[in-house]
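Notes follow once the structure below has been shown.
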Amino acid sequence: MAQYTPMIQQYLTIKNNYKDAYLFFRLGDFYEMFFEDAVSAAKELEITLTSRDGGEIPMCGVPYHSASTYIKKLIDKGYKVAICEQVEDPKEAKGVVKREVIQVITPGTVMEGNLLNEEENNYIASITPFSTEHYVIAYNDLSTGENSVAQVHDGWDSVVSELFNRPVKEIVIPTVLDEHQVEVLKEQLKLTISYEDEVDMPEEYRYLTNTLSENELKIGFGRLFQYLKKTQMRSLTHLQPVTYIELNQYMKLDMYSKRNLELTETIRNKGKHGSLLWVLDRTVTAMGARMLKKWLDRPLLSKDAIEARHRLVEALMEQFFERESLREALKEVYDLERLSGRIAFGNVNARDMLQLKRSLQQVPRIIDVLYSLDGEWKKFSESINPLTDVQAILEQSIHEEPPMSVKEGGIIKDGFHQTLDQYRLASKNGKQWIAELEQQEKQETGIKSLKIGYNKVFGYYIEVTKANLHLIPEGRYERKQTLSNAERFITPELKEKETLILEAQEKSVELEYEIFTDIREQMKQYIPNLQHLANQISQVDVLQSFAEVSDQNQYIKPTFINSREIDIVGGRHPVIEKVMKNETFVPNDVKMDENNNILLITGPNMAGKSTYMRQLALTVIMGQIGCFVPCESCELPVFDQIFTRIGAADDLVAGQSTFMVEMLEAKHAITKATSNSLILLDEIGRGTSTYDGMSLAQAIVEYIHDHIHAKTLFSTHYHELTSLEATLKQLTNVHVKAEEHDGEVVFLHKIQQGPADKSYGIHVAKLADLPEALIDRAYEILQQFEGEQKVIKPIVKETSDQQLSFFQEEVNKKTSKRSSAEEYALNELKALNLLEMTPMDAMNMLYAIHKKLKS
Ligand code: ADP
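Quick note: the sequence shown, position 69, residue 651 per the numbering used here, numbers continuous.
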């Protein structure tokens, strides 16, 4: 280090402690970065890379006042930023100004409004392993102060599914965590990784974990807390006591199912539009929007709790006008949850206070509406504390139109503070005295244009135009300044008053700031109440949102029953029915009694098989989060888990092939499902050759049938599987009806009993406008398959190995017994050493085989 200047040495010493963050090093009005930080930040932020100390040290910088835009860019990309400030006055510094990191901003700990998505929580989580099966996961949302822990007893996969359940941005792990696991967190879950090995809760914050009974849970949260403490370096008093998430109380939805069912975002473009959340979200407040997402992530298992939500939704649904006034009141409610966090960190201004006041003013309105709904809502309304004292303080103190800055005055109302009123009066009187003086001087000198003005340099002055100067009696004023067409004067009296006015003004601004910070401090003691209120209002908002969508979309209240029967009449897909433009959605029933566990669904492509499967899962989820469902009538058991293998969720990004993903998803279902689960398997086995895939599909159906007994919807294009109905008692065939008119297929999207009678693949290909010659050829091949033809004529010159084996299998499929000529041909083919054959050899061999088969 010796060759570097003292400042760069200081930089390097500090940087050494923040290796995984960009160090924003304060230099005057800029944050500068040096060395590798500078090189990569210049690229990430698209700013100019320069150098210092004779070109030796790469450097780049961002202006202090616009730093937050750059910080946001880095945080959004998953990086961390350590803010290093000058902590002494440069004028008083001996040598290099002292600098320290005052905060590390990371994706999981951002607080600043412009860095946060208001409709989503911003979680940071930690993982603490206690064995290969047992893990504790802790969560925190710094912006709202929410803390929670959960524990998993069945291995790593459940940890990943659990983390996938929440909008987690950053994960804190011990340095000893398995490398492969870290890879999954980074690559599959796309989390920013941070390390923390300390797990003790500091004494003064132990009250946060007193709510937890087990030591492992405290250790799990301790790790997260230590990290927060080290990055935030400021008071964390707004954090709420840690709640324990009993995972057994919630339906388990693994990562695959959540993604496949597009609960909160679509697979294709990761947007909300087109997801279930998009349909259900009629929340009015940001807090409500966040809570809805949480509920969607964790459908309930307790029938009582589900029914309680349904009753609340029902009451709101029946009362349109009350619901409207509730929505109106909620519109005025600001984000109390995040505001509480900012109050704790001391960075709220008078406008925030005003918003807090206006929010609180709505609470009595909300209480009134809920009270009028009677029943459970009445009880609910009685549990809401409107915090009238907080509202009263704010009402009396904060001006209706305060400025952004809290240091310029204009914040506190008249009449709130006696001394402030006195200063204001003094200043006001002084100004009045000056106005009177102006009048008096005009009269006495007879100069009508005489005026008294004010500027920051000279203070108050009397201004007389040059033309009137001769009218001023000798010695009346003291000359102060000459302008091109006027002179400015002062008098000792005027200066005396000026001092009084300015002093009063200065003091009143100072005092206002003091009073404001005092109010802000007072607010801190109400943080837990505000957080509680925020939680209640969020619930009201989500439930009214359910009532609103249910009313608008004609959803009905589902009945949850204790037996394992499904009886849905006229079920619809909540999202597809919303996005359909010219057509209408065809409702379908789902009927599965106690002994009917598997529906084997056949039918042509595009007929609506996966829509049918998905709509059942979405109906179950909607019901279990407390919403009504898109059906005419609906009876369901409470499902403990939902597993899906649907559609093209190939995880090529994570380096897994589609077929591998398919098998992983199937494995999940098969190893974790119980008889109370719902399994959806769509076209399983499709990603491999026909017999291979069909065998797997059949084995999976049999396994679920014999060992799991979960309610299962299984769609397949393997027509052969429909014969399973004869042997598997709990399996029933259904199909999606399609009709053929003049060689064209018309999809009726109607589910009917029994297997589909025909494959419509070629018709669909025709609808998709594949070349006519190709379609004709496909018909020809089909006829050959369907007829008694034993062999398919070769159709292409360069048949690939894969196609050959496919055709080989199709040949096998159609021929129960092979003739000796076929046996011969097969053996000959198998024995070939293609690499050593010339094209001529191959031709000859083919000729011989062909001849033998024809003979
Ligand atoms: P499959 O799984 O049989 O290939 P999908 O379920 O993907 O078919 O459905 C294909 C398309 O058909 C859907 O995108 C939707 O537009 C339409 N569809 C499916 N089911 C219905 C229905 N019940 N009513 C109206 N349209 C439907």
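Glycine included, C-beta positions come from ideal geometry on N, C-alpha and C.
According to DSSP, is residue i part of a helix, a strand, or is it coil?
{"i": "Tyr787", "result": "helix"}
{"i": "Leu794", "result": "coil"}
{"i": "Asp1171", "result": "strand"}
{"i": "Gly1035", "result": "strand"}
{"i": "Lys676", "result": "coil"}
{"i": "Thr1226", "result": "strand"}
{"i": "Arg940", "result": "helix"}
{"i": "Asp1003", "result": "helix"}
{"i": "Tyr1429", "result": "helix"}
{"i": "Ser987", "result": "coil"}
{"i": "Phe580", "result": "Shown here, the chain extends from 583 to 1437; a query on residue 580 therefore has no answer."}
{"i": "Thr1141", "result": "strand"}
{"i": "Thr651", "result": "helix"}
{"i": "Thr586", "result": "Note that residue 586 is Tyr in the sequence shown here, rather than Thr. Of the three classes helix, strand and coil, the one that applies to Tyr586 here is coil, per DSSP."}
{"i": "Tyr953", "result": "helix"}
{"i": "Ala768", "result": "The sequence given here places Lys at residue 768; Ala does not occur at that position. Reduced to three states, the DSSP call for Lys768 is helix."}
{"i": "Phe927", "result": "coil"}
{"i": "Tyr1194", "result": "helix"}
{"i": "Arg1061", "result": "strand"}
{"i": "Phe712", "result": "coil"}
{"i": "Asp1264", "result": "strand"}
{"i": "Pro1074", "result": "helix"}
{"i": "Gln1121", "result": "helix"}
{"i": "Ser534", "result": "Given that the chain is displayed from residue 583 to residue 1437, the structure contains no residue 534 and the question cannot be resolved."}
With a CB to CB cut of under 6 Å and the five nearest residues on each side skipped, what residues in its chain are close to residue i?
{"i": "His1331", "result": "Val1168, Gly1190"}
{"i": "Asn747", "result": "Asp879"}
{"i": "Gln1390", "result": "Note that Gln1390 scores a pLDDT of 49, beneath 50, so its modelled location is shaky; the value from the coordinates is reported in the next line. The answer is none, since no qualifying residue turns up."}
{"i": "Glu1130", "result": "Arg864"}
{"i": "Leu1263", "result": "Arg1227, Phe1296"}
{"i": "Val644", "result": "Tyr613, Tyr652"}
Which residue wins for smallest C-alpha separation from residue i, given the options the options?
{"i": "Asp602", "options": "Leu878, Val988, Glu778", "result": "Glu778"}
{"i": "Ile709", "options": "Glu702, Ile684, Ser740, Asn703", "result": "Ser740"}
{"i": "Val734", "options": "Glu728, Leu745, His1155, Pro784", "result": "Leu745"}
{"i": "His892", "options": "Gln1025, Cys1209, His1289", "result": "Cys1209"}
{"i": "Tyr1194", "options": "Glu1159, Thr757, Asp1175", "result": "Glu1159"}
{"i": "Leu627", "options": "Ile657, Phe617, Leu609, Arg608", "result": "Ile657"}
{"i": "Glu1217", "options": "His1289, Gly1343, Ile1150, Ile719", "result": "Ile1150"}
{"i": "Asn1067", "options": "Pro1074, Leu1051, Thr1047, Tyr1059", "result": "Thr1047"}
{"i": "Glu1103", "options": "Lys1062, Val1202, Val972, Cys666", "result": "Val972"}
{"i": "Arg920", "options": "Arg947, Thr867, Glu786, Asp736", "result": "Thr867"}
{"i": "Leu790", "options": "Ser730, Lys812, Met833, Val758", "result": "Ser730"}
{"i": "Tyr646", "options": "Val1243, Phe962, Met615", "result": "Met615"}
Short of 7 Å in beta carbon distance, which residues of its chain neighbour residue i, apart from the five on each side in sequence? Order them along the chain.
{"i": "Gly1267", "result": "Gly1275, Met1276, Leu1278, Ala1279"}
{"i": "Thr1304", "result": "Leu1182, Thr1184, Asn1315, Pro1337"}
{"i": "Lys1079", "result": "Gly1012, Trp1015, Ile1016"}
{"i": "Gly992", "result": "His981, Pro984, Pro985"}
{"i": "Ala1008", "result": "Leu1082, Ala1086"}
Given that a residue counts as buried once 16 or more other Cβ atoms are within 10 Å of its Cβ, and exposed if not, what is residue i?
{"i": "Met693", "result": "buried"}
{"i": "Leu767", "result": "buried"}
{"i": "Tyr652", "result": "buried"}
{"i": "Arg805", "result": "buried"}
{"i": "Thr1381", "result": "Any answer about Thr1381 is weak, because its pLDDT of 39 lies below 50 and its placement is not dependable; what the coordinates show is given next. It counts as exposed."}
{"i": "His1299", "result": "buried"}
{"i": "Glu1069", "result": "buried"}
{"i": "Glu906", "result": "exposed"}
{"i": "Gly1057", "result": "exposed"}
{"i": "Asp924", "result": "Note on residue identity: the sequence assigns Arg, not Asp, to residue 924. Under this definition Arg924 is a buried residue."}
{"i": "His574", "result": "Lying outside 583 to 1437, the shown extent of the chain, residue 574 is not represented and no answer is given."}
{"i": "Pro588", "result": "exposed"}
{"i": "Met1162", "result": "exposed"}
{"i": "Pro689", "result": "buried"}
With a threshold of 8 Å on Cβ separation, who are the neighbours of residue i within its own chain once the five nearest residues in sequence on each side are excluded?
{"i": "Ser792", "result": "Sequence check: residue 792 is Asn here, not Ser. Result list for Asn792: Pro823, in chain order."}
At least 3 beta-carbon pairs within less than 8 Å: the stretch 976-989 vs the stretch 1113-1124: no
The stretch 1084-1100 contacting the stretch 907-927, beta-carbon criterion three pairs below 8 Å: no
Contact between the stretch 841-852 and the stretch 1093-1102 (3+ Cβ pairs under 8 Å): no
Given 8 Å, three or more beta-carbon pairs between the stretch 1135-1150 and the stretch 929-937: no
Given 8 Å, three or more beta-carbon pairs between the stretch 629-637 and the stretch 660-667: no
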